[in-house]
Ligand code: DAH
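As structure tokens, this is what we get:
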């Protein structure tokens, strides 16, 4: 009997070594513990044994059964673990692989500048307003003190859409008219208006037939050039740095009297003179002045009571200076390479 048990154990050890699948475990269970299994057979002739022999055979066969059951369940667990590992390995997601590249967009550089001016203006008590790009000659010229035939119209010769009453606005100044007409002596008025403008022009590094302006208007009591100068100074310093100087140069615009050109000391040479400022030390960024009494009267504001100043910046001009852009066409040609340069410039 003992020999039989030894044989079963030895055979089981060999079988265990060769088993490598759950099916093998199943077959081994049948082979050893099944109805006709090797362990079951140990007790097949119990009937013919004496009580003492029965005891011994019973003990031995129970012990063998426990041994086999234990070994087989160990084997089953081992194979289960192996299969799980295999499954995990085959279903593993390799997170070290590079993912699909998603291009991240950046804000348009002109838009960014406009928003910067807008939030600055809002902090100074201005409202941001918009006007239409298709405008009436009446608002674009006539009520701005530029009657038909006025020679100053030539500088802003623009695109007429029907006969001579509707046009693509040549400046954002008509928004001044629209705002005053809507508000009729509701003061103070403090607005800025960014937007596209169109006029016949050369298309080169510094000119474009379409460009962007940022218009400003204040109507209140006792407004003087000093208020305009202080406002311009704050805007210039906030946009270009505390060390920027500003100056007025006498000029002419039909809708302001007196009129001035707005100059900022050159960001490149600090005022000494270089090729960017053409040796003058100054860069012109727009026009401005004290609102002409005719414009106030045209819009229903008694010019004996009300005063105001107005300004118009070239938005591309400001952005070119801020980001060191030398060609205005950069804003319109959608060259994605420039976006990286601007990003870098901004991070400096
Ligand atoms: N509209 C002028 C232009 O396009 C710019 C300008 C000058 C606007 C003086 C103003 C101003 O409001 O007061 O050239």
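In the numbering used here, the protein residues as written are 128 to 475. Glycine included, each C-beta is placed from N, C-alpha and C at the ideal position. The structure displayed is predicted, hence computed values, not measured ones.
Collapsed DSSP secondary structure at residue 439 in the structure displayed:
strand
Should residue 325 be counted as a contact of the ligand DAH given a C-beta to heavy atom distance under 8 angstroms?
no
What's the C-alpha gap between residue 174 and residue 214?
50 angstroms
Counting only the same chain and skipping the five closest in sequence on each side, list residues whose C-beta sits under 8 angstroms from that of residue 385.
352, 377, 416 and 417
Taking 8 angstroms as the cut-off, does the stretch 209–224 touch the stretch 151–170 (at least 3 CB pairs, one atom from each stretch)?
no
Strand pairing of residue 289, partner residues [DSSP]
293
What is the DSSP secondary structure of residue 146, reduced to helix, strand or coil?
coil
Consider the C-beta atom of residue 380 and the heavy atoms of the ligand DAH; say whether any pair is separated by less than 8 angstroms.
yes
Nearest CA to the CA of residue 137: which residue from 152, 165 and 249?
165
Classification of residue 139 by the beta-carbon crowding that lies within 10 angstroms, buried from 16 upward
buried
Residues near residue 192 by beta carbon distance below 8 angstroms, same chain, minus five either side:
160 and 166
Backbone secondary structure at residue 487 - three-state DSSP:
No answer is possible for residue 487: it lies beyond the span of the chain, which begins at 128 and ends at 475.
Would you check if the stretch 443–455 and the stretch 320–338 touch, i.e. whether three or more CB-CB distances between them fall below 8 angstroms?
yes
Less than 9 angstroms separating the beta-carbons of residue 312 and residue 429?
yes
Here's a check: name, in chain order, each residue in its chain whose Cβ is nearer than 8 angstroms to the Cβ of residue 448, leaving out the five neighbours to either side.
367, 391, 394, 410 and 412
Between residue 197 and chain D, is there a C-beta pair that is closer than 9 angstroms?
No chain D is part of this structure, which consists of one protein chain only.
Express the C-alpha separation of residue 196 and residue 190 in angstroms, rounding to a whole number.
10 angstroms
For residue 419, the nearest candidate out of 129, 379 and 239 (CA to CA)
379
Residue 408 beta carbon less than 9 angstroms from that of residue 388
no
Is it buried or exposed, residue 258, if we count other Cβ atoms within 10 angstroms and call 16 or more buried?
buried
Does the contact criterion of 3 or more C-beta pairs under 8 angstroms hold for the stretch 292–307 versus the stretch 423–438?
yes
Buried versus exposed, by CB contacts within 10 Å (16 or more), residue 145:
exposed
For residue 254, the residue or residues it bridges with in DSSP
318
Going by the CB atoms, is the gap between residue 364 and residue 371 shorter than 9 angstroms?
yes
Under the assumption that residue 437 contacts residue 240 (Cβ atoms under 8 angstroms), give the Cβ distance between them as a whole number of angstroms.
Actually they are not in contact, since the Cβ atoms of residue 437 and residue 240 sit about 20 angstroms apart, beyond 8 angstroms.
Taking its Cβ as the centre, do 16 or more other Cβ atoms sit within 10 Å of residue 204, making it buried, or is it exposed?
exposed
Endpoints, beta strand (DSSP E) assigned at residue 389:
383–392
If we ignore side chains and look at the alpha-carbon of each, how far apart do residue 278 and residue 292 end up?
18 angstroms
Quick one: residues in its chain with C-beta nearer than 6 angstroms to the C-beta of residue 142, no 5 flanking neighbours on either side, listed in chain order?
155
Between residue 435 and the rest of its own chain, which residues show a CB-CB distance below 6 angstroms, the 5 nearest in sequence each way excluded?
345, 346, 350 and 418
Can you give me the Cβ contacts of residue 326 inside the same chain, cut-off strictly under 6 angstroms, excluding the 5 residues immediately before and after it?
283, 285 and 297
Using the Cα positions of residue 132 and residue 170, report the straight-line distance between them to the nearest angstrom.
11 angstroms
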